[in-house]
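Undergrad:
Number of protein chains: 2
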Amino acid sequence: VDFPAVGVVGGGQLARMMAPAAIGLGVRLRVLAREATDSAAQVVPDVEVGDERDLDALRRFAKGCDVLTFDHEHVPTEHLRLLQAEGVVVRPGPDALVHAQDKSVMRARLTQLAVPCPRWAVVSGIDEIRGFGDDVGWPIVLKTPRGGYDGKGVRLVESAEDAASWLESLGPGASLLAEERVRFDRELAVLVARSPHGQAAVYPVVETVQVDGICREVLAPAAISEEHAVSAQSIALRIAEGLGVTGVFAVEMFDTAGGVVVNELAMRPHNSGHWTIEGARTSQFEQHLRAVLDLPLGETSMTAPHVAMSNVLGGEIADMYDGYLHCMAHDPGVHLHMYGKVVRPGRKVGHVTTVGEDAGDVRARARHAAAFLRGDSDGTAE
Amino acid sequence: VDFPAVGVVGGGQLARMMAPAAIGLGVRLRVLAREATDSAAQVVPDVEVGDERDLDALRRFAKGCDVLTFDHEHVPTEHLRLLQAEGVVVRPGPDALVHAQDKSVMRARLTQLAVPCPRWAVVSGIDEIRGFGDDVGWPIVLKTPRGGYDGKGVRLVESAEDAASWLESLGPGASLLAEERVRFDRELAVLVARSPHGQAAVYPVVETVQVDGICREVLAPAAISEEHAVSAQSIALRIAEGLGVTGVFAVEMFDTAGGVVVNELAMRPHNSGHWTIEGARTSQFEQHLRAVLDLPLGETSMTAPHVAMSNVLGGEIADMYDGYLHCMAHDPGVHLHMYGKVVRPGRKVGHVTTVGEDAGDVRARARHAAAFLRGDSDGTAE
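The listed protein sequences derive, respectively, from chains V and E. For the first sequence, our numbering assigns the number 388 to the initial residue and increments by one for each residue that follows. For the second sequence, our numbering assigns the number 388 to the initial residue and increments by one for each residue that follows.
1. Ignore the nearest five residues each way along the sequence and tell me which others in PRO353/V's own chain have a CB closer than 8 Å to its CB.
2. With 16 as the cutoff for other CB atoms within 10 Å, does LEU575/E come out buried or exposed?
3. If we cut at 8 Å on Cβ distances, does GLU614/E have a partner in chain V?
4. Going along the segment 408 to 419 of chain E in order, which residues come within less than 9 Å of chain V, judged by CB to CB distance?
5. Starting from ILE601/V, follow its DSSP beta bridges and name the residues at the other end.
6. Quick check: what's the CA-CA separation for MET654/V versus GLY634/V?
7. From the DSSP output, which residues share a beta bridge with ASN698/V?
8. Any beta carbon of chain V sitting closer than 8 Å to that of LEU470/E?
9. Does any residue of chain V have a CB that is nearer than 8 Å to the CB of PRO604/E?
10. Am I right that PHE672/E and ALA408/E are in contact with their C-beta atoms under 8 Å? What's the rounded C-beta distance?
11. Can you find the residues in the same chain that come closer than 6 Å, C-beta to C-beta, to MET696/E, ignoring five residues on each side of it along the sequence?
12. Tell me where the beta strand (DSSP E) around MET640/V begins and ends.
13. From the DSSP output, read off the bridge partner residues of PHE457/E.
14. Give me the Cβ distance between LEU723/E and LEU412/V, rounded to the nearest whole Å; I'm assuming they're in contact under 8 Å.
15. Please identify the residue among ALA423/V, GLY437/V, ASP438/V whose C-alpha is closest to the C-alpha of VAL431/V.
16. Can you name, in chain order, every residue of its own chain whose Cβ lies under 6 Å from the Cβ of PRO532/V, other than the five neighbours on each side?
17. Among the candidates ARG447/V, ARG517/V, LEU529/V, HIS717/V, whose CA atom is the shortest distance from the CA of ARG752/V?
18. Cβ of PRO505/V less than 8 Å from any chain E Cβ?
19. Given a threshold of 16 other Cβ atoms within 10 Å of its Cβ, counted over all protein chains shown, does ASP438/E qualify as buried or as exposed?
20. List the residues of chain V whose Cβ lies closer than 7 Å to the Cβ of MET689/E, in chain order.
21. For a contact meaning CB atoms closer than 7 Å, what does TYR708/V contact in chain E?
22. Does ASP696/E get closer than 8 Å to chain V when you measure Cβ to Cβ?
23. Taking all protein chains shown into account, decide if GLU460/V is buried (16 or more other Cβ within 10 angstroms of its Cβ) or exposed.
24. Does the pairing of the segment 582 to 594 of chain V with the segment 610 to 618 of chain V give three or more beta-carbon distances under 8 Å?
25. DSSP puts ASP433/V in a beta bridge; with which residues?
26. By Cβ distance, which residues of its chain are closer than 8 Å to ARG625/E, with the 5 residues on each side in sequence left out?
27. Within the continuous alpha helix (DSSP H) that includes GLU651/V, where are the two ends?
28. Just to check my reading of the structure: GLU665/V and GLY762/V have Cβ atoms closer than 8 Å, yes? What is that Cβ distance to the nearest angstrom?
29. Are the segment 507 to 520 of chain E and the segment 545 to 565 of chain E touching by the rule of at least three beta carbon pairs closer than 8 Å?
30. If you run the structure through DSSP and keep just helix, strand and coil, what is GLU769/V?
31. Could I get the ranges of all uninterrupted alpha helix (DSSP H) runs contained in the segment 473 to 520 of chain E, with 4 residues as the minimum, in chain order?
32. From the beta carbon of HIS724/V, is the nearest beta carbon of chain E less than 8 Å away?
33. Would ALA406/E pass as an interface residue toward chain V - the criterion being a Cβ-Cβ separation below 8 Å?
34. Consider the Cβ of MET640/E: report whether some Cβ of chain V lies at a distance smaller than 8 Å.
35. What residue from LYS735/V, GLY747/V, ASP745/V, ALA746/V has the CA that sits closest to ALA757/V's CA?
36. Between the alpha carbons of VAL414/V and PHE519/E, how many angstroms are there, rounded?
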């Protein structure tokens, strides 16, 4: 039983969903969680409770791991550089990870790599914001370079004045990333895995449906032409290579009349890849473990012609067990994934996946199940 | 987070493989393991170390569980009856479980239910053995009614004299189950799940390939006619109903010229059902948890036309990591399941599953991968 140990920094649902993959592979999973009640800490025996911003906590945790990887991007880059210098194997490494941590760094590097991006600028005052907006056209998108997720840290602003109070609240000297607002037909995501020795595997392109900046549904494969899909995959593979990513890597894209434009990056398993647990021959969670361990990567083909994933957001009802029971009774083919989280309105507390022959049918079933779970008993609410 | 807790008595690979299912379902899994290093105890946080033959240990363990279920059949029936009387929910209950614990009880009950069995008798002396053998024809099969598994506790004997020393070693008054030796074309297994309120679900019939009394391969579906398969499934459903089984239940059968004949029963997830993890829409492990929690059962259809499972038996090489790496590199579509067990020659330490369009191809791939893992680098050895 000499199999390696993978340490995951962060105890959220991504670390939780790595656990089944680790059990199958026979690799030991360790988790550094903020709280002993975190989603992953509930299901993994080998948990350390600590703050990932505390270098000593990270260092202690890393001691028992053959490789360190992540559930989220909130670990200070400088801590990771120190650990790496001390001999800890960090995957993805800090030089790659910084592109998922800092959106300004990401834009600069993608532009260097000639990857299609929205027009962008780093702005640090009201005049620069006005200049950028007048140049690319209003409204524009403003983002905090670090720390945003699920629509947080992102604003659509109609004018420089509109941005003034936010900018002020960030304190003097703060800079923002300003981006052109991209008009798109749909949003796409491409999942890639890349291992240290350079093997890469790409999953089918999916469509993501966002509501209020939060992913609600993922449809695999996206209803786009083969040529279009290959072009999106090539861009994702080019970025993974260019940034030296190791592990699973997600690229969110806007699909526009002029081609795809890269929106965001994530260097870890991603919500847009949850469908792979049942929908692909190798789940993104197994693939991530294989990639960070430099094991050969698994097959990425789909297990059925169509797969739909619907996030389960908390509703008004705290106890989901009734909805859960109804959901199973109504559709014995729905795959449920509960994250062990306390229900709060709008919080992602689970997801459901359906697979089948017909795109419309799998989508309707997944939506219905997610609605049931949050307590919409007619299963139709969005 | 008010989801129920399922307690599993036994810390083997079956309990281990329930863990990924429990994580997805959001139900809490507790394990009573003999040792803290047991296969399941390595991957489940909530483990009690204790002996399942110790009533107090069982009682303590049961306190934290909404339902008690099993990784193996070695819990004394009388302990379970006591626990049940004290209000513990035991599934399958002792009245059902005894049929999987005691082969003589099983034969008597199946005969009552008019289920096709080999001719049998409970024998307790050399003269009775001779009488039975002379009646049904030599050789005959002798089994210890309790405690056998993987070919242990089972002997093929050519004559009464052949049985004498074994019978003697069991002590005075010992009885054995004598069975006619059945000539069969192949061995089949049928997996059923049944919930307390009586819902039942049956999986496609599989062929099992046994070598020296140990299951080596499982092929799904079995290459038999639809009519034949339905008849085998009906028998399994009839037994599940007749015995009042709750949970997943496996029936091993001989396929003979005259129809199927029941060989053994198991009242828990079973080696013949490991293929369902990737090969069926609902794995036997998820199905077992749903059944014992009286949740609606999941879909049992296959995810591909053909699925093969090959057990990984320990070979001469203790460290399997090299073979593991080769295995992934050679076939990115193989699904590996390692049990975290110390390798000993002949010990089941994992299994591999392949899915695909062609029966011969998936079988060859699974065999090859299992051979690789045990250290046969040409991947051809049996």
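For every residue, glycine included, the Cβ atom is placed at its ideal position computed from N, Cα and C. Quick caveat: nothing in here was measured; it's all calculated off a predicted structure.
TA: The relevant details are as follows:
1. The first residue shown for chain V is 388 and the last is 769, placing residue 353/V beyond what the model contains.
2. LEU575/E comes out buried.
3. So, not an interface residue.
4. Taking 9 Å as the Cβ-Cβ cut-off, the segment 408 to 419 of chain E approaches chain V at ALA408, ALA409, ILE410, GLY411, LEU412, GLY413, VAL414, ARG415, LEU416, given in chain order.
5. According to DSSP, ILE601/V bridges with VAL598/V.
6. Approximately 7 Å between the Cα atoms of the pair.
7. Answer is HIS738/V.
8. No Cβ of chain V is located within less than 8 Å of the beta carbon of LEU470/E.
9. Note that residue 604/E corresponds to Glu in the displayed sequence, not to Pro. Not a single C-beta of chain V is nearer than 8 Å to the C-beta of GLU604/E.
10. At roughly 4 Å, the Cβ-Cβ gap stays under 8 Å, so PHE672/E and ALA408/E are in contact.
11. Excluding sequence positions up to five before and after MET696/E, its CB lies within less than 6 Å of the CB of VAL605, HIS661, TRP662, HIS738, THR740, all in the same chain and listed in chain order.
12. Membership of MET640/V in the beta strand (DSSP E) is indicated by the continuous run 634 to 643.
13. Answer is VAL396/E.
14. Confirmed, Cβ separation roughly 6 Å.
15. Considering only alpha carbons, the answer is ALA423/V.
16. Closer than 6 Å at Cβ, skipping near neighbours: ASP489, LYS490, SER491, LEU564.
17. With distances taken between CA atoms, ARG752/V lies nearest to HIS717/V out of ARG447/V, ARG517/V, LEU529/V, HIS717/V.
18. Cβ-Cβ to chain E under 8 Å: no for PRO505/V.
19. Exposed, since its Cβ has fewer than 16 Cβ neighbours within 10 Å.
20. For a Cβ distance threshold of 7 Å, nothing in chain V lies close to MET689/E: the least Cβ distance comes to about 11 Å.
21. Residues of chain E whose Cβ lies closer than 7 Å to the Cβ of TYR708/V are, in chain order, ASP389, PHE390.
22. Going by the sequence as given, residue 696/E is Met instead of Asp. Taking CB atoms only, MET696/E has no neighbour in chain V less than 8 Å away.
23. GLU460/V comes out buried.
24. Here the segment 582 to 594 of chain V makes contact with the segment 610 to 618 of chain V; the two share three or more CB pairs at distances below 8 Å.
25. ASP433/V has ARG417/V as its beta-bridge partners, per DSSP.
26. These residues qualify, in order along the chain: LEU500, VAL502.
27. No alpha helix (DSSP H) holds GLU651/V; the beta strand (DSSP E) holding it covers 646 to 653.
28. Not really, about 24 Å apart at Cβ, beyond 8 Å.
29. Three or more beta-carbon pairs separated by less than 8 Å link the segment 507 to 520 of chain E to the segment 545 to 565 of chain E, which places the two stretches in contact.
30. Because the pLDDT of GLU769/V is 45, which lies under 50, any placement of that residue in the model is unreliable, and the question is left without a value.
31. When DSSP assignments are scanned along the segment 473 to 520 of chain E, the uninterrupted stretches of alpha helix (DSSP H) that are 4 or more residues long and fall wholly within it turn out to be 481 to 488, 490 to 499.
32. Judged by the 8 Å Cβ criterion, HIS724/V is in contact with chain E.
33. At a cut-off of 8 Å between beta carbons, ALA406/E contacts chain V.
34. Not an interface residue.
35. The candidate whose alpha carbon is nearest that of ALA757/V is LYS735/V.
36. So the two alpha carbons sit approximately 52 Å from each other.
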